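Chemist: Please see the structure below; I have some questions.
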Amino acid sequence: MKNVLVAESEAKELRSLLGLWQQPGVNVVEAPSSAGVLTIVAEYDFSLFILDVNIEGGDIVDVVLSIRSKKYLNHIPIIFVGELSSAQLSMLSKYETETYGVISKPIIPLELTKQVAKFWGTESLPGQDTFKKVYIACESKLFSRALSKFCHMYCVDPVVMKDERKIFEEMEVCSPVMIFLHDRIVEECGFDLVNKIKSDESLANTYLVIGSSEAAGRENAEKHGCDYFLPIPFLKNQVYAIFRQILNRAKKVLLVSSVEGAFDELSKELKDLSYEILYVSSGREAKVAVQEFFPDVIYTSFTLEDMTGAELCRSIKEKVIYKQMLFLVEVLSHDSEIMRECFDSGADDILQSSLPIHKKVKIISSYVVSPGWSSTNRVLLVEIDMMLKGRITKALQEHNYQVTSVSCMDNAMQCVLKESFDVMLISYEMAYENKWEFCLHVLSDKRSKNTPIVMLAAKKYEADVKKLGNLLSLSSVLYTPLNKEALLRTLRDVLENAHLRQEKSEFERYLPIDAIKHVGEIVSGVKQKGIERAFATVLFCDICSFTEKCEEMDPEELVANLNNFFDIMTDLVLEHKGIVDKFIGDAVLARFNSGDYSADAIKAVKTAYEMIQAMENFEHPIFCSFEVKIGINSGELILGNIGSTSHLRNYTMIGDTVNVTERIQSKALPQTCFVSKNTKKLLGDSVVLGEMRSIMVKGKKVPVEVSRLINIRK
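The opening position of the sequence shown corresponds to residue 70 in our numbering, with each subsequent residue numbered one higher.
Quick look at the structure:
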């Protein structure tokens, strides 16, 4: 961790400096005056001083002489902001000039960054890669200078091509983060140049931006797969937006709603993820904000006090400089005309107002990558021993961990509510009740439940920690006196395990849980490839008359509605410990096979009952015409990898039990569930069923006996 003292008299310049240095591996300490410098200098182990030559409260030379009078500060580099007079330079000449640097005002961040890196003997700053480059191929020198200026502001090194037609020869040194091509050069070289850049593996992470003053420029850029289009002339905010995307800096979201407080919760969640938010209450204000704020995403209610969200989108997107902005519209009701109007206006997506906040945030993040320094792990340290806390913090910061340290559980709780962490270090010495209450809160909260917790404890508490470790699902324990290597090794291991669990969780979204277990057992040699027999209760849920509904919806509406339906149904299956075997068109096929036949049957029936209730009680108008039919059957079936040896295989269930379940479902009335006689035998008196009756189903010569599900006894 490197501490940097910044003393700057002008607020604008200070904000520029602080914005540059707020990154992992660098701690900025601000001093408002010369007296502040001399007071603070003894409190930290500084690696650099950045001092304004016109510092308030004293002469800059006096400040430097006071610093240099301390032997342990003689070698610390000093960068002066502004011009030193010849007299001042003369007074400082007795000290080594290698430890001084001067930058002029206004500050060019890239110039400052390079000078600092030179003093520290590195090619980059902590938390940064080596200096990123942008290649500019443009016939206009004026335009090239303008783009170069923006590169400097974002600490990116601009390289203006000497011969724009020999791009690959000039790019041999390193792969740039961005290549800017003027469309005139593309026209002369042909779009083969663009295709060659896009197909070059060494440029896989390079963004390709085409600038054009022609009306067809955007269409040509999108046609050939360019990442961004820059109209000429351009707004400076438009270039800033491109750099925000490329460098993953703080993203901007404009929220528009005429209902006071409608997006307060959404705004808070986005701010917690470091998005920059602007909230306005009308379409008129939004049009002004777009010009000044220039957001990456506009998220608006469909109904505004002065226009519709579709009208707002159309008025903004009709200007070519705003076409790159992502436009999301939130609607209250399912109305195909409203949704069609939104898409026709140029909206990128339509969200239902009833969608949970975390899903809205996830959708926004899928369009705009969440800002921040993702390569750095965030650690919450809760330790009452100040000396131990200091040692741990220093050790972690030296290895590029971003540490937030607190001394009480109340402060720790506030931290967890405000931001997310990759790992938590909790002292056993904290107050007993608060400590366990905090851990249980972390494990029960959706946002933090997967965060590893490492307990710090004295060896004498080993027995107690082991007893409670399982209860709190501790990831690991570190015993004091603490060894630095053990600390770093433990954190590395728990973070790696957390990453593997996250990958497994993501994988489980695409495969049944027991399919993953089955494959894992085959790979590890515990189980042979093949099939197995199992007893299960099978549930088949289908949407009534879905084919007819498909004809009433646009493809975008259809997919959105179907995914929302599957979300609800899947959550109910998982809530009752069932397994979603597969989705078949608009149907959900699930099984319950824990080994407890009676419990599995009861869980399946409860799931079906709640599925029907969900369709009846769900207030969102999208589902007003959605009704389901459900069939449930129990019996033996076959589980195995089914499919071609040369193509995709599915770990799924087959057999007569599955077939009969589907046939029973097809005979059910809308918003009803038929339960087979085989399942009824397993239910006991926990379920209220109708009278048993016989029905003929396809593929069966004898009738199948079923009962209608009426209610669940509490």
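Glycine is no exception: its CB is placed at the ideal position from the N, C-alpha and C atoms. As the structure is a prediction and not an experimental result, all values here were calculated from the model.
#1: Using the Cβ count rule (16 or more neighbours within 10 Å means buried), how would you classify Asn-630?
#2: Looking only at its own chain, which residues have a Cβ that is under 6 Å from the Cβ of Gly-759, when we skip the five neighbours before and after it?
#3: Looking at Leu-277 and Asp-296, is the spacing between their C-beta atoms short of 7 Å?
#4: In angstroms with no decimal places, state the Cα-to-Cα distance between Glu-152 and Ser-173.
#5: For Ser-326 and Ser-755, what's the separation of their Cα atoms in angstroms?
#6: Helix, strand or coil for Ser-217? Go by DSSP, reduced to three states.
#7: Tell me where the beta strand (DSSP E) around Ser-350 begins and ends.
#8: So if DSSP puts Met-524 in a beta bridge, which residue, or which two residues, is it bridged to?
#9: For Thr-748, I'd like the list of residues in its chain whose CB is within less than 8 Å of its CB, leaving aside the five on either flank, ordered along the chain.
#10: Output yes or no for whether 7 Å exceeds the beta carbon distance between Leu-525 and Leu-486.
#11: As a quick exercise: from Leu-627, Arg-561, Cys-613, pick the residue whose alpha carbon is nearest that of Gln-734.
#12: If I'm right that Thr-523 touches Ser-544 with Cβ under 8 Å, what's the distance once you round it to whole angstroms?
#13: Identify every run of the alpha helix (DSSP H) within the segment 320-396, keeping only runs that are complete inside it and at least 4 residues long; order them along the chain.
#14: Per DSSP, which residues does Tyr-276 bridge with? Please list them.
#15: Can you tell me where the beta strand (DSSP E) with Ile-764 in it begins and where it stops?
#16: What does the alpha-carbon distance come out to for the pair Ile-781 and Tyr-497?
#17: Assuming Leu-323 and Leu-347 form a contact by the criterion Cβ under 8 Å, report the distance between their Cβ atoms to the nearest whole angstrom.
#18: My output table needs one value for Ala-416: the three-state DSSP class, helix, strand or coil.
#19: Check each candidate in Ile-453, Arg-460, Leu-457, Gly-352 and name the one with the smallest Cα separation from Asn-480.
#20: Taking only the alpha-carbon atoms, compute the straight-line gap between Glu-774 and Lys-646 and give it to the nearest angstrom.
#21: Could you tell me how far apart the beta carbons of Ser-116 and Val-73 are, in whole angstroms, since I believe they sit closer than 8 Å?
#22: Considering Cα atoms alone, identify which of Phe-652, Glu-679, Phe-149, Asp-665 is closest to Glu-644.
#23: Sort Ser-135, Ala-656, Asn-289 by Cα distance to Arg-253 and report the nearest one.
#24: Helix, strand or coil: which one does DSSP assign to Phe-149?
#25: Once the 5 residues before and after Val-649 are set aside, which same chain residues still bring their CB inside 7 Å of it?
#26: Would DSSP call Gln-307 helix, strand or coil?
#27: Identify which residue in Glu-565, Pro-739, Asn-728, His-427 has its Cα closest to the Cα of Lys-337.
#28: With distances taken from CA atoms, which of Arg-409, Asp-365, Ser-350 is nearest Ala-379?
#29: On the CB-based measure, 16 or more other CB atoms within 10 Å of its CB, does Gln-360 come out buried or exposed?
#30: Using 8 Å for Cβ pairs, my map puts Ala-310 next to His-251. What's the rounded Cβ distance?
#31: With Gln-483 as the anchor, note down where its alpha helix (DSSP H) starts and where it stops.
#32: Output yes or no for whether 7 Å exceeds the beta carbon distance between Tyr-666 and Phe-604.
#33: Tell me Tyr-297's beta-bridge partners as DSSP assigns them.
#34: For Pro-300, which residues from the same chain have a beta carbon less than 6 Å from its beta carbon, with the 5 sequence-adjacent residues on both sides left out?
#35: So, using beta-carbon positions, are Val-491 and Arg-447 closer together than 7 Å?
#36: Which word fits Cys-693, buried or exposed, when buried means at least 16 other C-beta atoms lie within 10 angstroms of its C-beta?
Modeler: Quick look at the numbers:
#1: buried
#2: Ser-776, Arg-777, Ile-779
#3: yes
#4: 7 Å
#5: 48 Å
#6: helix
#7: Unbroken run through Ser-350: none, as it is neither H nor E.
#8: Ile-495, Val-546
#9: Thr-606, Ala-670, Ala-673, Val-674, Ile-701, Asn-702, Ser-703
#10: no
#11: Cys-613
#12: The sequence given here places Val at residue 523; Thr does not occur at that position. Their Cβ separation, rounded to whole angstroms, is 6 Å, which keeps Val-523 and Ser-544 in contact under 8 Å.
#13: 333-341, 352-362, 378-386
#14: Met-247
#15: 762-764
#16: 46 Å
#17: 5 Å
#18: coil
#19: Ile-453
#20: 27 Å
#21: 7 Å
#22: Glu-679
#23: Asn-289
#24: strand
#25: Pro-581, Thr-639, Val-642, Val-657, Ala-659
#26: helix
#27: His-427
#28: Arg-409
#29: exposed
#30: Contact doesn't hold; Cβ gap of about 19 Å is too wide.
#31: 478-487
#32: yes
#33: Val-278
#34: Val-389, Ile-390
#35: The sequence as given places Asp at residue 491; Val does not occur at that position. Yes.
#36: Low confidence applies to Cys-693: its pLDDT is 48, below 50, so where it sits in the model is not reliable, and the reading given next is rough at best. Exposed, because fewer than 16 other Cβ atoms sit within 10 Å of the Cβ of Cys-693.
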